[in-house]
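In our numbering, the protein residues as written are 1 to 347.
For every residue, glycine included, the Cβ atom is placed at its ideal position computed from N, Cα and C.
This structure is a prediction, so every number in the text was calculated from the model and none was measured.
(1) Buried or exposed for residue 191, please, with buried defined as at least 16 other CB atoms from any protein chain shown within 10 angstroms of its CB.
(2) Could you give the distance in angstroms between the alpha-carbon of residue 288 and the alpha-carbon of residue 181?
(3) Just to confirm, is the Cβ distance from residue 316 to residue 206 under 9 Å?
(4) Hey, how far is the Cα of residue 327 from the Cα of residue 200?
(5) Return helix, strand or coil for residue 229, following the three-state DSSP convention.
(6) Using only the alpha-carbon positions, how far apart do residue 187 and residue 130 sit?
(7) Reducing DSSP to helix, strand and coil, say where residue 196 ends up.
(8) Quickly, what does DSSP pair residue 206 with across the bridge? List them, please.
(9) May I have the straight-line CA-CA distance separating residue 285 from residue 279, to the nearest angstrom?
(10) Ordered along the chain, which non-local residues of its own chain (more than five positions away) have a Cβ less than 6 Å from that of residue 133?
(11) For residue 217, which three-state DSSP category applies?
(12) Examine the ligand NAD and report whether any of its heavy atoms sits within less than 8 Å of the Cβ of residue 147.
(13) For residue 265, collect the residues of the same chain with a Cβ closer than 8 Å to its Cβ; drop the 5 residues on either side in sequence, then sort them by chain order.
(14) I'd like the ranges of any alpha helix (DSSP H) spanning at least 4 consecutive residues and lying wholly in the segment 231-311.
(15) Closest to residue 275 by CA distance: which of 254, 235 and 216 is it?
(16) Would residue 143 be called buried (16 or more neighbouring beta carbons within 10 Å of its own) or exposed?
(17) Buried or exposed for residue 310, going by 16 or more other Cβ atoms inside 10 Å?
(18) By DSSP's criteria, residue 326 is part of a beta bridge. Which residues make up the other side?
(19) Grab the span of the beta strand (DSSP E) containing residue 316 for me, first residue to last.
(20) Just tell me which of 282, 174, 159 and 141 has its CA closest to the CA of residue 377.
(21) List the DSSP bridge partners of residue 212.
(22) Whose C-beta lies closer than 8 Å to the C-beta of residue 329 among residues of the same chain, with five residues either side of it excluded?
(23) Name the one or two DSSP bridge partners that residue 139 has.
(24) Looking at C-alpha atoms only, which residue of 307, 322, 303 and 297 is the closest neighbour of residue 179?
(25) So, with DSSP's three-state summary, where would you put residue 157?
(26) Buried or exposed: residue 348, going by 16 or more other Cβ atoms within 10 Å of its Cβ?
(27) Pull the bridge partners of residue 223 from the DSSP assignment, please.
(28) Any idea what DSSP makes of residue 76, helix, strand or coil?
(29) Which whole-angstrom value is the C-beta distance of residue 307 and residue 318, which I expect to be below 8 Å?
(30) If you draw a straight line from the alpha carbon of residue 97 to that of residue 171, how long is it in whole angstroms?
(31) Taking the straight line between their C-alpha atoms, what separation do you get for residue 249 and residue 273?
(32) How far does the alpha helix (DSSP H) with residue 109 in it reach, from first residue to last?
(33) With a CB to CB cut of under 6 Å and the five nearest residues on each side skipped, what residues in its chain are close to residue 125?
(34) Counting C-beta neighbours from all protein chains within 10 Å, is the total for residue 174 16 or more, i.e. buried, or is it exposed?
(35) Can you tell me whether residue 300 is buried or exposed? The criterion is at least 16 other CB atoms within 10 Å of its CB, across all chains shown.
Below, the structure is given as structure tokens:
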């Protein structure tokens with residue numbers, strides 16, 4: 001990342017309570033969830049790049065319209081950036097790098113259909129983009145499936161045994177989507193009490209428990225593996241190694257290598273942003289420059305913008321995460337390494 005272009009970080013950590021005596025996953029006070037949390041976004045926002053990524057300072061061949069699009073991105077003006085970039089593409093329709101830039105911007109804006117069209121076009125123009133197109137085509141499909149999970153229409157796949165607390169968490173999500181936040185909160189509380197609290201290290205710092213800061217997720221991490229959308233319990237993870245943000249698309253999905261408790265290894269794309277971020281219309285949140293919390297009723301607060309991982313020592317923004325090491329859990333859920341390697345199911 002380019003130091004000269006990394007947004008400054010001024011973030012209020014969300015306080016978290018100490019681990020309870022029963023060993024269950026602690027529940028953060030709902031009032032603590034209603035805080036603004038700024039964190040790092042992808043540097044320079046961004047050069048578009050090929051799959052191997054263009055360095056931030058490399059402006060050779062950049063058009064004035066492309067430069068204008070990047071300036072507007074820095075100002076969180078996504079609509080203006082899109083207009084400028086589309087003009088640049090019209091002026092140079094055979095430029096694969098411009099097409100890739102446009103693909104990434106459309107992903108940030110949640111226009112999945114147009115994004116995949118630009119992805120296909122870029123792959124026909126530049127062989128170096130074929131690998132990217134293959135990987136992100138499935139990720140885009142999963143984003144549509146993911147939206148349906150959070151509207152209560154579909155259920156996620158789960159790594160490991162489908163424990164009762166995960167079923168409760170899924171049912172709570174459906175109730176929240178159905179406009180029953182009080183009933184959802186009751187089930188979610190039961191799920192949090194039953195979920196194991198596992199210690200470990202995040203970026204080298206010791207913790208006794210970890211959870212997604214969004215109350216809809218808590219003890220599970222969203223991940224796309226081999227073209228399928230999963231909820232991955234933190235208890236199923238042994239190690240997580242996260243790539244440093246480098247391109248605009250990293251504001252939407254974060255690449256990671258996951259070693260599971262059973263020794264299996266998978267490559268994953270972790271959604272960088274919370275569901276509903278695009279619908280918020282907040283450009284900074286859509287670019288994963290901040291995290292905000294929305295009152296969903298029933299003392300439930302849901303995230304908008306960049307994902308945060310909470311521990312008793314504080315919060316870590318996903319784009320700041322580099323390593324996560326989890327302790328071995330007694331009776332930890334074995335991961336679906338074999339299932340994850342199977343051909344993608346229809347989303």
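In short, the structure shows the following:
(1) Numbered from 1 along the chain shown, position 191 holds the residue referred to as residue 191. A buried status is given to residue 191, since no fewer than 16 other beta-carbon atoms sit within 10 Å of its beta-carbon.
(2) For the purposes of this step, residue 288 is taken as the residue at position 288 of the chain shown. For the purposes of this step, residue 181 is taken as the residue at position 181 of the chain shown. If you take the alpha carbons of residue 288 and residue 181, they lie about 26 Å apart.
(3) Position 316 of the chain shown holds residue 316. Position 206 of the chain shown holds residue 206. It is not a contact, given that the beta carbons lie outside the stated cut-off.
(4) Walking along the chain shown from the start, residue 327 turns up at place 327. Walking along the chain shown from the start, residue 200 turns up at place 200. Rounded to the nearest angstrom, the two C-alpha atoms are 5 Å apart.
(5) Translated into positions along the chain shown, residue 229 becomes position 229. Residue state, collapsed to three classes: strand.
(6) Numbered from its first residue, the chain shown carries residue 187 at position 187. Numbered from its first residue, the chain shown carries residue 130 at position 130. Computed Cα separation, rounded: 44 Å.
(7) By 1-based counting over the chain shown, the position of residue 196 is 196. Residue 196 falls in the strand class under three-state DSSP.
(8) On the chain shown, residue 206 is found 206 positions in, with the first residue counted as 1. The partner list for residue 206 (beta bridge, DSSP) reads 201.
(9) Position 285 of the chain shown, counted from the start, is the residue given in the question as residue 285. Position 279 of the chain shown, counted from the start, is the residue given in the question as residue 279. Those two C-alpha atoms are separated by around 10 Å.
(10) Here residue 133 refers to the residue found at position 133 of the chain shown. Counting only Cβ-Cβ distances below 6 Å, and skipping sequence neighbours, we find 119 and 123.
(11) In the chain shown, residue 217 corresponds to position 217, counting from 1. Residue 217 falls in the coil class under three-state DSSP.
(12) Ligands in the displayed structure: none, and consequently the ligand NAD is not present.
(13) On the chain shown, residue 265 is found 265 positions in, with the first residue counted as 1. So the list reads 257, 258, 259 and 337, once near-sequence residues are dropped.
(14) List check, alpha helix (DSSP H) in window: 277-280 and 283-286.
(15) Residue 275 sits at position 275 when you count from the first residue of the chain shown. Between residue 275 and the set 254, 235 and 216, the nearest pair of CA atoms involves 216.
(16) Locating residue 143 in the chain shown gives position 143, where the first residue counts as 1. Sixteen is the threshold: when 16 or more other Cβ atoms of the shown chains lie within 10 Å of the Cβ of residue 143, as they do, the residue is buried.
(17) Counting from one through the chain shown, the residue named residue 310 turns up at place 310. Within a 10 Å sphere around the beta-carbon of residue 310 sit 16 or more other beta-carbons, which makes this residue buried.
(18) Along the chain shown, read from residue 1 onward, the residue named residue 326 stands at position 326. Per DSSP, 200.
(19) Counting from 1 along the chain shown, the entry for residue 316 is found at position 316. Residue range 314-317 is occupied by the beta strand (DSSP E) that includes residue 316.
(20) Outside the shown range of the chain, which is 1 to 347, sits residue 377, and nothing can be said about it.
(21) On the chain shown, position 212 is the one that residue 212 refers to. Answer is 309, bridged to residue 212.
(22) Your numbering for residue 329 matches position 329 in the chain shown. Here the set comprises 196, 198, 235 and 261.
(23) Taking the chain shown and counting its residues from 1, the one referred to as residue 139 is at position 139. Beta-bridge pairing links residue 139 to no other residue.
(24) The sequence position of residue 179 within the chain shown is 179, counting from 1. Of all alpha-carbon atoms in 307, 322, 303 and 297, the one lying nearest the alpha-carbon of residue 179 is that of 297.
(25) Start at 1 with the first residue of the chain shown, and residue 157 comes out as number 157. Here residue 157 sits in strand by DSSP.
(26) Missing from the structure shown is residue 348; the chain here goes from 1 to 347 and no further.
(27) On the chain shown, residue 223 is found 223 positions in, with the first residue counted as 1. Answer by DSSP bridge pairing, in chain order: 230.
(28) Within the chain shown, residue 76 is the residue found at index 76, counting from 1. DSSP places residue 76 in coil when its eight states are reduced to three.
(29) In the chain shown, residue 307 corresponds to position 307, counting from 1. In the chain shown, residue 318 corresponds to position 318, counting from 1. Going by Cβ atoms, the distance from residue 307 to residue 318 rounds to 4 Å, so yes, they are a contact pair.
(30) Here the question's residue 97 lines up with position 97 in the chain shown. Here the question's residue 171 lines up with position 171 in the chain shown. Whole-angstrom Cα-Cα distance: 43 Å.
(31) As a working mapping, residue 249 is identified with position 249 in the chain shown. As a working mapping, residue 273 is identified with position 273 in the chain shown. So the two alpha carbons sit approximately 11 Å from each other.
(32) Working through the chain shown from its first residue, we reach residue 109 at position 109. Unbroken run through residue 109: none, as it is neither H nor E.
(33) Start at 1 with the first residue of the chain shown, and residue 125 comes out as number 125. If the five residues before and after residue 125 are omitted, its C-beta is found closer than 6 Å to the C-beta atoms of 96, all from its own chain and listed in chain order.
(34) Your numbering for residue 174 matches position 174 in the chain shown. When all chains shown are included, residue 174 counts as buried.
(35) Your numbering for residue 300 matches position 300 in the chain shown. Residue environment analysis places residue 300 among the buried positions, since at least 16 neighbouring C-beta atoms fall within 10 angstroms of its C-beta.
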